[in-house]
Structure formats: structure tokens, C-alpha cells
Amino acid sequence: MPRFSPGRRIVLTAPYLWILAFFLAPMALILKISLSHPVEARPPYEPLFSLAEGPALWLEKLQALSLETYRALIDDPLYLDSYLSSLWLAAISTLLTLLVAYPFALAMARAPRHLRPLLVGLAIAPFWTSFLIRVYAWIMLLKDEGLINHALMALHLIDAPLEIYATSTAVVIGMVYSYLPFMLLPLYAALERQDPALREAAADLGASPADIFWRITLPLSARGAVAGSLMVFIPAVGEFVIPDVLGGPQTLMIGRTLWSEFFTNRDWPMASAVAILLLALLILPLVVVERLRAEGEG
Amino acid sequence: MSARPLLEVENASKRFSAVTALDDVSIDIAEGEFFALLGPSGCGKTTLMRLVAGFERADRGRVRINGVDVSNEPPHRRPTNMMFQSYALFPHLDVFDNIAFGLRRQGWKRQEVSNRVAELLEIVQLSELRKRRIEQLSGGQRQRVALARALAPKPALLLLDEPLGALDRKLREETQFQLKDIQRRLKTGFVIVTHDQDEALALANRIAVMRAGRIEQIGAPIEIYERPANRFVAGFVGATNFLSGRIERTSEGAFFVAPFGRIRREACALENGAKALLSLRPEHIALARDLADGAIVGLVEDAAFRGETTQARVKLDDGTRLLVSCAKHAGFAPSERVRLDIGSNAGAVFAEGA
Numbered sequence: 001m002p003r004f005s006p007g008r009r010i011v012l013t014a015p016y017l018w019i020l021a022f023f024l025a026p027m028a029l030i031l032k033i034s035l036s037h038p039v040e041a042r043p044p045y046e047p048l049f050s051l052a053e054g055p056a057l058w059l060e061k062l063q064a065l066s067l068e069t070y071r072a073l074i075d076d077p078l079y080l081d082s083y084l085s086s087l088w089l090a091a092i093s094t095l096l097t098l099l100v101a102y103p104f105a106l107a108m109a110r111a112p113r114h115l116r117p118l119l120v121g122l123a124i125a126p127f128w129t130s131f132l133i134r135v136y137a138w139i140m141l142l143k144d145e146g147l148i149n150h151a152l153m154a155l156h157l158i159d160a161p162l163e164i165y166a167t168s169t170a171v172v173i174g175m176v177y178s179y180l181p182f183m184l185l186p187l188y189a190a191l192e193r194q195d196p197a198l199r200e201a202a203a204d205l206g207a208s209p210a211d212i213f214w215r216i217t218l219p220l221s222a223r224g225a226v227a228g229s230l231m232v233f234i235p236a237v238g239e240f241v242i243p244d245v246l247g248g249p250q251t252l253m254i255g256r257t258l259w260s261e262f263f264t265n266r267d268w269p270m271a272s273a274v275a276i277l278l279l280a281l282l283i284l285p286l287v288v289v290e291r292l293r294a295e296g297e298g
Numbered sequence: 299m300s301a302r303p304l305l306e307v308e309n310a311s312k313r314f315s316a317v318t319a320l321d322d323v324s325i326d327i328a329e330g331e332f333f334a335l336l337g338p339s340g341c342g343k344t345t346l347m348r349l350v351a352g353f354e355r356a357d358r359g360r361v362r363i364n365g366v367d368v369s370n371e372p373p374h375r376r377p378t379n380m381m382f383q384s385y386a387l388f389p390h391l392d393v394f395d396n397i398a399f400g401l402r403r404q405g406w407k408r409q410e411v412s413n414r415v416a417e418l419l420e421i422v423q424l425s426e427l428r429k430r431r432i433e434q435l436s437g438g439q440r441q442r443v444a445l446a447r448a449l450a451p452k453p454a455l456l457l458l459d460e461p462l463g464a465l466d467r468k469l470r471e472e473t474q475f476q477l478k479d480i481q482r483r484l485k486t487g488f489v490i491v492t493h494d495q496d497e498a499l500a501l502a503n504r505i506a507v508m509r510a511g512r513i514e515q516i517g518a519p520i521e522i523y524e525r526p527a528n529r530f531v532a533g534f535v536g537a538t539n540f541l542s543g544r545i546e547r548t549s550e551g552a553f554f555v556a557p558f559g560r561i562r563r564e565a566c567a568l569e570n571g572a573k574a575l576l577s578l579r580p581e582h583i584a585l586a587r588d589l590a591d592g593a594i595v596g597l598v599e600d601a602a603f604r605g606e607t608t609q610a611r612v613k614l615d616d617g618t619r620l621l622v623s624c625a626k627h628a629g630f631a632p633s634e635r636v637r638l639d640i641g642s643n644a645g646a647v648f649a650e651g652a
């Protein structure tokens, strides 16, 4: 064990304290609520522990922990459907974001060196305005008498307005738009790092431009694509605002279900259980990717 | 030369916005030659090589390989392969797949690819590392993989951009011999770009010395070294002493008149009275201890042991300082007075300003 000075030890433990205070402690709180019984009260659940009771009662309380909520969660198809539908919409959105972002990122990475900071700036410029306002703005574009339908009808490409607003399609469009920068930046970083001499070497050895893309550029940007996909997929699964604003009544997403459990049904234990399960579901792909990455490096 | 040259570059010029990288450059390279493009950085040697490889297009001029005009062909349609200064090995492929890359693009059959890669791994002595990832290789091993990959598709001409630049000194000297040996065995034309004059002298059959986008001199290493065409070549290739003076032609013959005395020149094309510059290599001057009358005499200021030779700095009575290389056992010490003997045809004389 290396010996560290006290000052150094404080610096080294700081990140762990941060994780404890801002991530693990709230998580523990949610887990605790998910294991309690709902009651008509404020807050609307029966507290598990209270410091006033003293440790003697804690064991008794521990035995009274309820897995009831989790059982209900599995029994009611609404929750499973919400999870599956969220995963499906998030997966489609991630794939589309990747397809839209890749040519963008490639163009940015191949732009003249002095233009690149400007392009990166433009890519993150949308963050300067409110996320909520940008999502609302899509209503104006997508609704029946919105800009897109107007334009298409004026061009006589369609006779009747396309029903996009208040459907899952609108949700996917909204998610692709909102999460594009999160895909763009890791992809750009991966592509920009590639030594241009690699492409020259491939061309010199007889590779056509298409060969160079498929055999050199694409495989070497795979890590950027995976990183970007996770940064889009994970928040997209739990997304609440976009399905709530752009989705229809039939658009089922877990974030929305969670919200209505918390605020409409005031069933905090159920809402917490949904949140815990969502987290568990999202940790899984992260672990798989991390394993793949470690193998790739080993 | 009876047959057509392997490579012909004809009056090539290339500008990058305000900078002229190549200014009306022509070279011919024959089959089986080991040719070096030598010059300081920014002299256009790399641009000339990239022009031959097809990464740059000339503004004017033509490139022919085996008589075929390839001036407008992209790199993947030219019978040349290049070994890059950074090696540019594909980090996601192992040693075998890196070397096989060019063969597969040319549609070689599986078994042929496998045989050819094995053959090349043998040549560069890396057979046991065929499944290694690039990041697991040392600098010297990467250098050999890069060489094998460039040689694999049997190019008519191999281009090497500073191939030894990233290696340490000892490895570089070993690799020079390997490279020369491989070239001699394969009889492929090699063109090497280097800023290192020792490397060019040691490796090449012929050298083109470049400066500011132009070729200053083309010749065999010994010609470049012993008979440099001008002051730049003399100063760039090897250590030298430059002396200013003028030419004097008398009934006794031609002399180079330096401030400290006259040096006889047997062959001299310059006129009587012309201002001239004499380039004298350190080994063109011999030191002796007996100070005869009328001899050139100086004081040893410093003597640096260099291994196989000792390099002495001698200050002449008129203040001129000369670098002299002498045998390591000669034992000249600082503040010793010595006689300098300069051979009657040693060094090279240029007209002032050449």
C-alpha cells in the first residue's frame, strides 16, 4: 500500500464522497421507498426506519419489508409493456441518431482544421436554449396544420396532412433531434483522432474510397459510435418530456408511467420500484459494453 | 541507359498557396536502384515522393512508371507502395492482416495471401509475431511490419518516407544494413526520403540533394561528397571548412589564394583573379609536428575524441579556424603548434556565390 499524505488522501476520497452523497444516498432512499407500503398520508408511504425509534425496532421493521410492490409490478402488464415500448423507441431513436450523426461527424472531422472549433460550437449551440422550448417547437412543425404538412401539401406531394404529431413517430423524431449532439461529439472525437496517413496507406495498398470507409474509417470509429449510442440510448429509455409533449395517448414509455405513478396515483412505492427496475435494466447494457471494451483492449 | 527508366519525373512543379514546393524538377530512376532524396525540411523532397505515390498532383509536369504516364492516376492504381514516416499501421488489425491488406485488395487467393505474408515475415524476421496486435510491438518491430506491408503487393517502386527517423541510433545503423540487404535481394527500386545525410550516403546508389523545391545535384554518394556542385551541397552533406579567396593563375599553375597562404590546384576551371570559395573536408587536411619554412602553421585549440577519429580545431595565425580530423592515436593536444598539409586537389572550389 502506498502511503499518502493526509491532504492527498482527502483529494483521493473526494470523488467517492461525491458519488455517495449525490448518487448512492438518493438511490438508497428510492430503494427504501420502493420497499414500503403505500398509505394515505404525507409523504404517502409508511416510513421504514425512523431514528427516533432506536435500533431495537429496526430488525423488526427489516422483517416487515415488503416485496409486494415488485410483485404487483410484474403482474400488471402495463409496466412490462411500458418497459418494452421504451426500449423499442429508444433503440429506433438511437439507430436513427447514429445514421444522421455519422455523416455530420465525418464532415466535421474532415473540415479544414481552423473551421472545426466553429463546427463543434454550432453542434452544441442548441443547448443555449431551453430543451423544453425546443421540444415544444416541434409541435409547430409536426402538427396537422404545421409547417411540414403545409409545405408537403403546397408541393402537392400529399393530399391530406400526415398524422405525425401525437404519435410514436413524433416521439422518435423529437428524440433524434434532441439527442443528436450527444451522438455527434463522441463520433467526431473518434473520427478526428484518426491519422489521415491511415487512409493514405490504405489507398496506396489498393483500397478504393469505399473500401477505405468500410475497412478503416468505420471500424476505427466503432468506440465513438458505441459511446454515443449509450449516451443517447440510456436517457432515451427513461425520457419523459418528449413522449409527454410530442407523443399521443397510446405512446407508452416508462418515464411517463413513472411520472403518473408519482404524481397522478401518488403511489410512491410503486413509482420507486419502477425507477429501481429501470436502473437495473440500464446497467445491464453498460456492463456488457464495458466487458467488450476491456476484452478489446486486452 | 538502354531500357526505359523505371520512374521518370518530368519538369514537375507544385505550389501550395504561397509556397513553391517543387520547381521544375526532373529525375530518372533505373530498375533496381536505391535512390535517396536528401535535403533539409521544407525542401520539397516529401512533396516529390507524394507526387510519385499519387497523393499530390503536380501543377505542371508528368510522372511515368515503366513508361506509363500515371500523372492522373489515384494512388490505388499506381504500381508503387509507400512506407510512411509514422508507419500508418492499421491499429485494429494484427500483423498478419496489416501485411495482407494490400494483397486482399488486389484479390489474391487465400492460400496465396497466406504464403506471401509468411514469405515477408521471414524477410523482416517477424514470423513468430504474425498474430500480434500493433500496439504490442516495439518501434523497431513496427518499422519492419510497415516495410513488409509496403513490399507485399510486389510494387515496381517502393517509396520510403524517413523510414528510420523514429528509431534510436544503434537500431538505425542495424536497420540500414537490413534495408540495403532486402533491397539488393528483391531488386525492387527503392526511393527513400531523408534529411539525414549519413543515411543517404550509406544506403543509396544515387542521391538527389534538394533545396527550396529544386534539385541541386544528382550523383553517386562519393560524387556528392567529394565533388559537391555548389556551396549548399558541400555544406549539407558532411562536415566541411569553407574558405574565401581568389584564383591565381601563374606559369607554375593554378592556385587558390587564401588569407593564410596559397594552395595549389591542379585542375581549376575558374579564371585568373576570380573570387572563389574552397570547401575542405576535415580529412583533407593533415597535421604534422615539424614546422618547415613557408608551411601553413596553426595552434591546436581543441581536440575532441570521436571514437575512430579525433577532431581537432586549429586556429591559423591569421585567425582562420579549421576543423581537421586525424587518426585517434596522433595525440595532438590543445595549444600545440602544428603544420597543416593541404593536398593539391583536395576539396572543391566554387565561384563565389555558387
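As you go down the protein sequences, you meet chains A and B in turn.
Sequential numbering from 1 applies to the first sequence in our numbering.
Sequential numbering from 299 applies to the second sequence in our numbering.
Think of the CB as a built atom: it goes at the ideal place given N, C-alpha and C, for glycine as much as any other residue.
Against residue i, what residues of chain B qualify as contacts under a CB-to-CB distance less than 7 Å, listed in chain order?
i, result
"Ser208(A)", "His374"
"Pro219(A)", "His390"
"Ala111(A)", "Chain B residues near Ala111(A): none, gap ~18 Å exceeds 7 Å."
"Ile216(A)", "Phe388"
"Ala197(A)", "Phe382, Ser384 and Ala386"
"Asp211(A)", "Arg403"
8 Å is my cut-off, CB to CB: does residue i come that close to chain E?
i, result
"Pro377(B)", "The question asks about chain E, but that chain is absent: this structure's protein chains are A and B."
If you follow the alpha helix (DSSP H) that residue i is part of, which residue opens it and which one closes it?
i, result
"Ile139(A)", "Phe131 to Leu142"
"Ala25(A)", "Ala25 to Ser34"
"Ile148(A)", "Leu147 to Ala154"
"Lys343(B)", "Lys343 to Ala351"
"Ile513(B)", "First-last for Ile513(B): Arg512 to Gly517, but that is the beta strand (DSSP E), not the alpha helix (DSSP H)."
"Leu89(A)", "Pro77 to Arg110"
Could you pull out every residue in the same chain whose Cβ sits closer than 8 Å to the Cβ of residue i, ignoring the five residues on either side in sequence?
i, result
"Ile10(A)", "none"
"Thr257(A)", "Leu78, Tyr79, Ser82 and Val274"
Determine, using beta carbons only, whether residue i and residue j come nearer to each other than 8 Å.
i, j, result
"Leu349(B)", "Lys407(B)", "no"
"Val100(A)", "Leu180(A)", "yes"
"Arg562(B)", "Gly645(B)", "no"
"Gly487(B)", "Ala444(B)", "no"
"Tyr177(A)", "Ala105(A)", "no"
"Ile139(A)", "Tyr102(A)", "no"
"Gln476(B)", "Pro461(B)", "no"
"Leu457(B)", "Met347(B)", "yes"
"Gly247(A)", "Ala137(A)", "no"
"Gly352(B)", "Pro372(B)", "yes"
"Ser82(A)", "Met253(A)", "yes"
"Ser66(A)", "Ser36(A)", "yes"
"Ala450(B)", "Val393(B)", "no"
"Ala386(B)", "Leu198(A)", "yes"
"Ala498(B)", "Ala328(B)", "no"
"Glu546(B)", "Phe553(B)", "yes"
Note down, in chain order, every chain A residue with its Cβ under 7 Å from the Cβ of residue i.
i, result
"Gly400(B)", "Leu205 and Gly206"
For residue i, return the contacting residues in chain B, with the cut-off set at a CB-CB distance below 9 Å.
i, result
"Glu200(A)", "Arg348, Ala351, Phe353, Pro373, Met380, Phe382 and Ala386"
"Ile124(A)", "Under the 9 Å cutoff, chain B gives no residues; its nearest Cβ is about 29 Å from Ile124(A)."
Could you check where the beta strand (DSSP E) with residue i kicks off and where it finishes?
i, result
"Asn309(B)", "Leu305 to Phe314"
"Ile10(A)", "Note, Ile10(A): premise wrong, no beta strand (DSSP E); alpha helix (DSSP H) at Pro6 to Ile19."
"Phe648(B)", "Ala646 to Ala649"
"Thr251(A)", "No beta strand (DSSP E) holds Thr251(A); DSSP gives it neither H nor E."
"Val622(B)", "Arg619 to Ala625"
"Asp204(A)", "Counting along the chain, Asp204(A) falls outside any beta strand (DSSP E), though it belongs to the alpha helix (DSSP H) covering Pro196 to Asp204."
"Ala586(B)", "Ile583 to Ala586"
"Leu67(A)", "From DSSP, Leu67(A) is part of no beta strand (DSSP E); its letter is neither H nor E."
"Ile158(A)", "Counting along the chain, Ile158(A) falls outside any beta strand (DSSP E), and DSSP gives it neither H nor E."
Can you list, in chain order, the residues of its chain whose CB lies under 7 Å from that of residue i, leaving out five sequence neighbours each side?
i, result
"Arg611(B)", "Glu599, Asp600, Arg619 and Leu621"
"Arg544(B)", "Val555, Gly571, Ala572, Lys573 and Ala574"
"Gly517(B)", "Arg504 and Ile505"
Please list, in chain order, all residues of the same chain as residue i whose beta carbon is under 6 Å from its beta carbon, the five residues on each side excluded.
i, result
"Gly298(A)", "Reliability of the predicted coordinates at Gly298(A) is poor, the pLDDT of 44 falling under 50, and no value is obtained from them."
"Gln609(B)", "Ala602 and Ser623"
"Ala319(B)", "Lys312, Gly342, Thr345 and Gly511"
Does the distance between the C-beta of residue i and the nearest non-hydrogen atom of the ligand FAD fall short of 7 Å?
i, result
"Lys407(B)", "As far as ligands go, the structure on display features none, and thus does not contain the ligand FAD."
Below 9 Å on C-beta distance, what does residue i contact in chain A?
i, result
"Gln404(B)", "Leu205 and Gly206"
"Pro451(B)", "Leu205 and Gly206"
Contiguous alpha helix (DSSP H) assignments of at least 4 residues, all confined to the segment 472-509 of chain B: Taking 4 residues as the shortest admissible run, the segment 472-509 of chain B contains the following complete alpha helix (DSSP H) segments, listed from N- to C-terminal end: 495-501.
Could I get the ranges of all uninterrupted alpha helix (DSSP H) runs contained in the segment 373-446 of chain B, with 4 residues as the minimum, in chain order? Those alpha helix (DSSP H) runs which fall completely within the segment 373-446 of chain B and span 4+ residues are 393-403 and 408-421.
Enumerated in chain order, which unbroken segments of the beta strand (DSSP E) with a length of 3 residues or greater are wholly contained in the segment 164-242 of chain A? Positions of the beta strand (DSSP E) runs, each at least 3 residues long and wholly inside the segment 164-242 of chain A, cannot be given because no such run exists.
What are the complete alpha helix (DSSP H) segments, minimum 4 residues, inside the segment 514-556 of chain B? List check, alpha helix (DSSP H) in window: 519-524 and 529-534.
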